[in-house]
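> Take this structure first; my questions come after.
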Amino acid sequence: MRKMLLCGAALALLSVAGLAPSALRAADLTSIAILTPEAGTDYGWNQQGIDAAKAAGAAAGVKVVVADNLGYGDVRPTLREMAEDGAGLIIAHASGYNTAAPEIGEEMKVPVAIVDRPDAKKPGAVADYTASGHEGAYLAGRLAAKMSKTGTVGIVVSGEPPSWNAQSSAFAEGAKAEKPGIAVRYAVIGPAAYSDAAGGKRVTEALIAAGADIIFGQGNGSSFGMLQAVETNKSTGGGPVYFIDVIGDKTPIDKGNLLSSVVWNLEPVYAAMIKDVKAGSYGTHNYDINLKDGSVKLLKTKHIPDDVWAQMEALKADVISGKIKVEAHFDADSVHKLVTALPTAQ
Amino acid sequence: MGALFTDAFLTSLVLGALTAGLPLLLAGLGEQISEKAGVLNIGIEGMMLMGAYLGFVVAYTTGSVWLGFLGGAVGGMAVALPMVVLCIRLGLNQIVIGIALTLGTEGLTALLHHFQFAQSYPRLPAVPTLPIPGLSELPVIGPALFDRPAIVYLAILAVFVTAYVFRSTQLGLALQAAGDKPAALDAAGVDVVNVRSFAVFTTGALAGVGGAFMAEVGAGIFVPFMTNGAGFIGIVLAMQARGNPFWVLAGALLFGACLSATTALQVAGVSIPTDVIQMLPFAAVLLVLVLFGRRASLPAALGTHYVRGAR
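Just so you know, the protein sequences line up as chains L and D, in that order. Numbered continuously in UniProt numbering, the first sequence closes out at residue 346. Numbered continuously in UniProt numbering, the second sequence closes out at residue 311.
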């Protein structure tokens, strides 16, 4: 019995010792780091992550170290370097980093934030922020159906990560709710074709030829190819083709085809992470974004008539109040079933 | 579903296949020339990427697509230069240097793009096309194949020129000897190092034009990492083509056609998991490799450094 008690005490001491580094870091969090696969100037995923981290860090008085443009390969050396440089929280801002980051986080005893792995949550060590703007994407679907002249809208994605699946399915649901007879065409550019701008243009042109006059595009660098396709092609009805972007605001580079964007603001997410690290409660829950707190919003552009925008505002209020329920479907199968279930011809 | 497959949609699919396949054709053709001369050019992805970057920059600043393609060729040759110096002249490992060149070019082009275009993301206007009288009016394939930018026809012509050079010229013979029996070529009084250097620079030029095509015609914009592995697919095409440029053409068009087929299947709402559909181009290339590549014979001296007088 005495031996068992001693063993128990030793195990307790070991577990306390194991938690000690993160607890120490929590007490004196002075620096956080964010790693992104592409440049922080893409008016999208990467820029949103970096800008939000800087804003959250500034608000909390914490230094933010940025390592961007790292590509989609092995980032373990960069993760180690960030940890050695004193980062008390590392935000691994790419689904492709969600295996390496927890590994290095455990090795270096630094808490990490990852995406697309909600199951990987671990107290003191790992939290997920598979943020989904599905509520905003639902509104974008309603908007697209209202604005489409051809009765066909398209979804182009450069991969099928969970957050994009949630937005794709919400967009299709929104379009269908607005106009039950609408056709929603869906195509993936390629496996993890995030920077394949030529592929983005090629697939978007195919969807335009299939009748789509509103394209809901989700892709990092590839979204510039999608934008190029809508700018250089007319719809099958002879009118302009419009683009609905996600995450960022491409208004500064718009040539007249940007209809809207499901804009994310990750600052509240990162601010909550910093707060949790300081409080020692990091890793006890995951993080999300929503319409209610303004971390997701639909972008208003000059191409949206005022009366349509007023309708969108009313729909937004209904989503926030719960009158319209928008569920997030993170799996690709849900997207395929939903799109396949839609009419295939006009 | 029948209403989906309109002429416009089918045309876009055929056009998509051609647009996706052409950079692969140029990369594969370039790789084939290097391999023929005994140089395993793993750096072709980097040559394409630099070609894409420089091609875009020149086309954007001058407003000339042709100067853009020339810029792309120069960009590809600039990346080929270290390969020539380090591998052919100094005898360093071709695979290691090739990978280093690709990684280095990825970083360099991303950095240059960051400072030049990261805030503005300029896009090019559509490249003018050259319709072929009679053929361009054909339904579906007419606008997709015979109303294309002139560079497309030149790329196809390059296949015939390469085949002619391989089969019927002294240069073709020298390239083959540099890859198979460099000592024999040396004994015949031809400088092996010069022949191999010429081959690698030609590869750089072709791959660079392929990259420039992606940026100018394929996307109308340059973004970092945009070649997305096309150079490596070009290497596979060259290896399965067994020294025959027409097999490179067939492989590149097959890959492009499969990419278009994946889009068609998805747009039609075919109930197959996307991952399976996305595997189609790669599976098709693998299948062709298994069926037709078994008798592939690579040059005997491929990847080896030639030293005059060494045994």
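Just so you know, even glycine gets a beta-carbon here, dropped at the ideal spot from N, CA and C.
1) So, are the CB atoms of D196 (chain L) and Y43 (chain L) less than 8 angstroms apart?
2) Quick check on DSSP: helix, strand or coil for K316 (chain L)?
3) Give the single residue among L:G73, L:A60, L:D28 whose Cα lies nearest to the Cα of L35 (chain L).
4) Mapping the DSSP letters down to three states, classify D116 (chain L) as helix, strand or coil.
5) Pick from L:K292, L:D293, L:D276: whose alpha carbon is nearest that of H285 (chain L)?
6) Run through chain D and tell me which residues come within less than 7 angstroms of Q228 (chain L), C-beta to C-beta.
7) Quick check on the burial criterion: 16 or more other C-beta atoms within 10 angstroms. Buried or exposed for L135 (chain D)?
8) If you check the beta carbons only, do G38 (chain D) and R242 (chain D) fall under 8 angstroms apart?
9) Pair every Cβ in the stretch 162-174 of chain D with every Cβ in the stretch 51-61 of chain D, then say whether three or more of these pairs are closer than 8 angstroms.
10) Determine the extent of the alpha helix (DSSP H) in which T11 (chain D) is found, giving its start and end residues.
11) Give the straight-line distance between the Cα atoms of A26 (chain L) and D333 (chain L), rounded to the nearest whole angstrom.
12) Could you check if A272 (chain D) is buried or exposed, using at least 16 other CB atoms within 10 Å of its CB as the buried criterion?
13) Tell me where the alpha helix (DSSP H) around T78 (chain L) begins and ends.
14) Ignore the nearest five residues each way along the sequence and tell me which others in F146 (chain D)'s own chain have a CB closer than 6 angstroms to its CB.
15) Tell me where the alpha helix (DSSP H) around I91 (chain L) begins and ends.
16) Along chain D, which residues have their Cβ under 9 angstroms away from the Cβ of H134 (chain L)?
17) Which of the three DSSP states, helix, strand or coil, is assigned to V296 (chain L)?
18) Within this structure, are the beta carbons of T204 (chain L) and A118 (chain D) separated by less than 8 angstroms?
19) Would you check if there are 3 or more beta carbon pairs closer than 8 angstroms linking the stretch 158-175 of chain L to the stretch 127-137 of chain L?
20) So A187 (chain L) and Q266 (chain D) are supposed to be a Cβ contact under 8 angstroms. How far apart are they, rounded?
21) Mind checking whether I88 (chain D) and V200 (chain D) have CB atoms under 8 angstroms apart?
22) In chain L, which residues lie with their C-beta within 7 angstroms of the C-beta of V267 (chain D)?
23) Along the stretch 99-130 of chain D, what residues have a CB closer than 7 angstroms to any CB found in chain L?
24) From the DSSP output, read off the bridge partner residues of K234 (chain L).
25) Taking Q218 (chain L) as the reference, which of L:V65, L:A92, L:G133, L:A101 has the closest Cα?
26) Can you check whether the C-beta of A188 (chain D) is within less than 8 angstroms of a C-beta belonging to chain L?
27) Given that a residue counts as buried once 16 or more other Cβ atoms are within 10 Å of its Cβ, and exposed if not, what is P191 (chain L)?
28) So if I threshold CB-CB distances at 8 angstroms, which residues from the stretch 190-204 of chain L count as touching chain D?
29) Is it buried or exposed for R167 (chain D), if we count other Cβ within 10 angstroms and need 16 for buried?
30) Return helix, strand or coil for K122 (chain L), following the three-state DSSP convention.
31) Going by DSSP, what residues sit across from T152 (chain L) in a beta bridge?
32) Does DSSP put A126 (chain D) in a helix, in a strand, or in coil?
33) Looking at the unbroken alpha helix (DSSP H) that takes in V263 (chain L), where does it start and where does it end?
34) Could you work out which residue in L:L29, L:A166, L:G141, L:P162 is closest to M312 (chain L) when comparing CA atoms only?
35) Starting from the beta carbon of L13 (chain D), find every residue of chain L whose beta carbon is closer than 7 angstroms, and list them in chain order.
36) Tell me whether R202 (chain L) is buried or exposed, calling it buried when 16 or more other Cβ atoms sit within 10 Å of its Cβ.
This is what the structure holds:
1) Their beta carbons are not under 8 angstroms apart, which means D196 (chain L) does not touch Y43 (chain L) by this criterion.
2) Note: K316 (chain L) maps to helix in three-state DSSP.
3) Ranked by how close their Cα comes to the Cα of L35 (chain L), the residues L:G73, L:A60, L:D28 have L:G73 in first place.
4) Note: D116 (chain L) maps to coil in three-state DSSP.
5) Checked all of L:K292, L:D293, L:D276; the closest Cα to H285 (chain L) is L:D276.
6) Within 7 angstroms of the CB of Q228 (chain L), the CB atoms of chain D belong to R123, A219, G220, I221, in sequence order along the chain.
7) Exposed, because fewer than 16 other Cβ atoms sit within 10 Å of the Cβ of L135 (chain D).
8) Annotated as distal: G38 (chain D) and R242 (chain D), with beta-carbon spacing of 8 angstroms or more.
9) These segments do not touch.
10) Annotation: the continuous alpha helix (DSSP H) that includes T11 (chain D) extends over 7-36.
11) Note that A26 (chain L) scores 48 on pLDDT, short of 50, meaning its location in the model is unreliable; the coordinates nonetheless yield the value given after this. In a straight line, the C-alpha of A26 (chain L) is about 40 angstroms away from that of D333 (chain L).
12) What sits at residue 272 (chain D) in the sequence shown is Ile, not Ala. I272 (chain D) comes out exposed.
13) DSSP places T78 (chain L) inside the alpha helix (DSSP H), whose first and last residues are 76-84.
14) Excluding residues within five positions, the ones whose Cβ falls inside 6 angstroms are I132, L135, S136.
15) Here I91 (chain L) belongs to no alpha helix (DSSP H); instead the beta strand (DSSP E) covers 89-92.
16) The contacting residues do not exist; H134 (chain L) stays about 19 angstroms from chain D at best.
17) Here V296 (chain L) sits in strand by DSSP.
18) No, the pair does not count as a contact, with Cβ atoms beyond the cut-off.
19) Because the criterion of three Cβ pairs below 8 angstroms is met, the stretch 158-175 of chain L and the stretch 127-137 of chain L touch.
20) With 8 angstroms as the limit, A187 (chain L) and Q266 (chain D) qualify as a contact, their Cβ atoms being about 4 angstroms apart.
21) Using a Cβ distance threshold of 8 angstroms, I88 (chain D) and V200 (chain D) count as a contacting pair.
22) Residues of chain L whose Cβ lies closer than 7 angstroms to the Cβ of V267 (chain D) are, in chain order, R185, A187, A206, L207, A210.
23) Going along the stretch 99-130 of chain D in chain order, one finds E106, A110, H114, A118, Q119, S120, Y121, R123, A126 with a Cβ nearer than 7 angstroms to chain L.
24) The partner list for K234 (chain L) (beta bridge, DSSP) reads L:P240.
25) In terms of Cα proximity to Q218 (chain L), the closest of L:V65, L:A92, L:G133, L:A101 is L:G133.
26) Answer no: the Cβ-Cβ gap between A188 (chain D) and chain L never drops below 8 angstroms.
27) So P191 (chain L) counts as exposed.
28) Correct list: G190, P191, A193, S195, D196, A197, A198, G199, G200, K201, R202, V203.
29) By the neighbour-count rule (16 or more Cβ atoms within 10 Å), R167 (chain D) is not buried but exposed.
30) When secondary structure is reduced to three states using DSSP, K122 (chain L) falls in the strand class.
31) Paired residue(s): L:A183.
32) Collapsing the DSSP output to three states places A126 (chain D) in coil.
33) Note, V263 (chain L): premise wrong, no alpha helix (DSSP H); beta strand (DSSP E) at 258-264.
34) Checked all of L:L29, L:A166, L:G141, L:P162; the closest Cα to M312 (chain L) is L:G141.
35) Near L13 (chain D) (Cβ distances below 7 angstroms), the residues of chain L are A206.
36) Buried: at least 16 other Cβ atoms inside 10 Å.
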